[in-house]
Amino acid sequence: MLKEERIQRIKTMIDQEKSASIEDLADRLDVSKDTIRRDLIQLAKQRQIKRTHGGALAIQKEATIFDYEQRSTILNDVKKQMAEQALEIMADPSSIIFDSSTTVEAVIRELPDKKIHAVTNSLSHALLLANHPKTVISLLPGRLHKEQLFLFGTETVEQLKNYQADYTLLGVFALTSEGLFIHTEEEGLVKRQMIQQGRRVIALADHTKLDKTGFYKVCDLSAIDYLITDQKPPKALAKALTENHVELIEARKNE
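What follows is the structure in structure tokens.
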């Protein structure tokens with residue numbers, strides 16, 4: 001086998017399996033460990049894989065960043081299906097924390113007019129919630145993100161600590177077996193506190209967010225109780241969800 005062919009096979013194996021050991025690769029390709037080690041060094045220099053002690057990891061692709069208006073028009077049918085599933089879980093909540101994502105906005109649009117206390121850091125979500133006469137709304141203070149229309153910062157995080165809600169609803173930017181990720185620290189800190197203030201945490205992520213990473217880690221998988229998505233996740237991620245006691249729910253497609 002030519003060197004170029006062998007290196008490509010190594011790259012494919014690591015991408016498909018997410019990780020591989022030097023010993024395993026050497027056995028499967030019938031070459032020495034030193035040969036595999038040199039090949040991994042070359043792939044790492046090309047930023048094709050990430051080397052670890054005794055092996056290598058696949059490099060996770062980063063999720064694409066869109067502005068709020070763009071995100072609000074993406075996969076609307078899927079968001080609606082996931083929203084309906086979230087409402088089934090929350091049979092009769094008295095309080096809900098809503099993050100600023102467009103996926104959570106879809107839940108608000110499907111929300112029945114019941115008496116609940118809603119907490120959010122999103123101006124857009126607060127206006128939608130105001131259409132529900134029985135809903136009490138607490139809009140969190142903080143610095144305003146002018147493009148995305150959400151509030152963030154120390155004041156937002158500190159005010160969140162005063163609430164203890166039945167549920168926290170999170171739209172997921174990116175998710176791997178390592179946890180949930182977001183593209184900015186300021187938004188990540190708010191989401192992290194929202195998770196801590198919810199008795200049960202529901203994360204919503206369409207298939208494009210799965211096995212993707214982002215700049216800032218929000219939490220481990222063990223911090224959430226439910227993951228609602230529209231397609232089965234890759235096997236490695238599904239295994240990690242099970243190990244972290246996350247209930248995986250695949251949204252039902254509307255006929």
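Just so you know, we're using full-length UniProt numbering here: the sequence shown kicks off at 1 and counts up by one. We treat Cβ as the ideally placed atom computed from N, Cα and C, and that holds for glycine. As the structure is a computational prediction, the values presented were derived from the model and not from experiment.
Notebook entry, point to check: Where A126 and T120 are concerned, what is the direct C-alpha to C-alpha distance, given to the nearest angstrom?
Noted result: Roughly 7 Å separates the two Cα atoms.
Notebook entry, point to check: CA-CA distance, K235 and E247?
Noted result: 15 Å
Next item on the list: Pull up the CB-CB distance for D211 and T242, whole angstroms please, since I reckon it's below 8 Å.
Entry: Wrong, their Cβ atoms sit about 16 Å apart, outside the cutoff.
Notebook entry, point to check: What are the residues that DSSP puts in a beta bridge with S95?
Noted result: Checking the DSSP bridge columns, you'll see S95 partnered with H117.
Checklist line | Where R37 sits in the DSSP three-state scheme | finding: helix
Notebook entry, point to check: Which class does A130 belong to by DSSP, given the choice of helix, strand or coil?
Noted result: coil
Check: Just the Cα atoms here: how many angstroms apart are R6 and L43?
Finding: 11 Å
Check: In the DSSP assignment, what residue or residues form a beta bridge with A56?
Finding: Residue pairing by DSSP places A56 opposite A20, R51 in a beta bridge.
Next item on the list: Could you please give me the residues that DSSP links to S138 through a beta bridge?
Entry: V119
Next item on the list: Below 8 Å CB to CB, which residues in the same chain sit around I249 once its five sequence neighbours on both sides are set aside?
Entry: Annotation for I249: Q85, I89, Y226, L227, I228, T229 place their beta carbon closer than 8 Å to its own, counting only its chain and skipping 5 residues before and after.
Next item on the list: Identify the continuous alpha helix (DSSP H) that holds D166 and give its terminal residues.
Entry: No alpha helix (DSSP H) holds D166; the beta strand (DSSP E) holding it covers 165–171.
Note to self: Please report the straight-line C-alpha distance between L87 and Y167, rounded to a whole angstrom.
What the structure shows: 11 Å
Notebook entry, point to check: What residue range is occupied by the uninterrupted beta strand (DSSP E) comprising K217?
Noted result: 216–219
Check: Looking at S100 and S124, is the spacing between their C-beta atoms short of 9 Å?
Finding: Yes. Within cutoff.
Note to self: 9 Å is my cut-off, CB to CB: does Q193 come that close to chain B?
What the structure shows: Of the protein chains in this structure there is only one, and it is not chain B.
Margin query: I need the DSSP call for H183, collapsed to helix, strand or coil.
Written below: coil
Check: With distances taken between CB atoms, is the gap from S21 to A58 smaller than 9 Å?
Finding: no
Notebook entry, point to check: What do you get for V107, buried or exposed, if any count of 16 or more other CB atoms within 10 angstroms of its CB means buried?
Noted result: buried
Next item on the list: Answer yes or no: do P93 and A174 have a C-beta to C-beta separation smaller than 9 Å?
Entry: no
Notebook entry, point to check: Near E110, what residues of its chain come up, given a Cβ to Cβ distance below 8 Å and the 5 sequence neighbours on each side ignored?
Noted result: K80, A83, E84, L87
Check: How long is the line joining the alpha carbons of L144 and H245, rounded to whole angstroms?
Finding: 35 Å
Checklist line | Expected contact under 8 Å - CB spacing of G179 and D220 to nearest Å | finding: Confirmed, Cβ separation roughly 5 Å.
Notebook entry, point to check: From which residue to which residue does the beta strand (DSSP E) around A174 run?
Noted result: 174–176
Item checked: CA-to-CA distance, Q16 to L237, given in whole angstroms -> About 12 Å.
Notebook entry, point to check: Under the DSSP definition of a beta bridge, which residues are partnered with L210?
Noted result: L175
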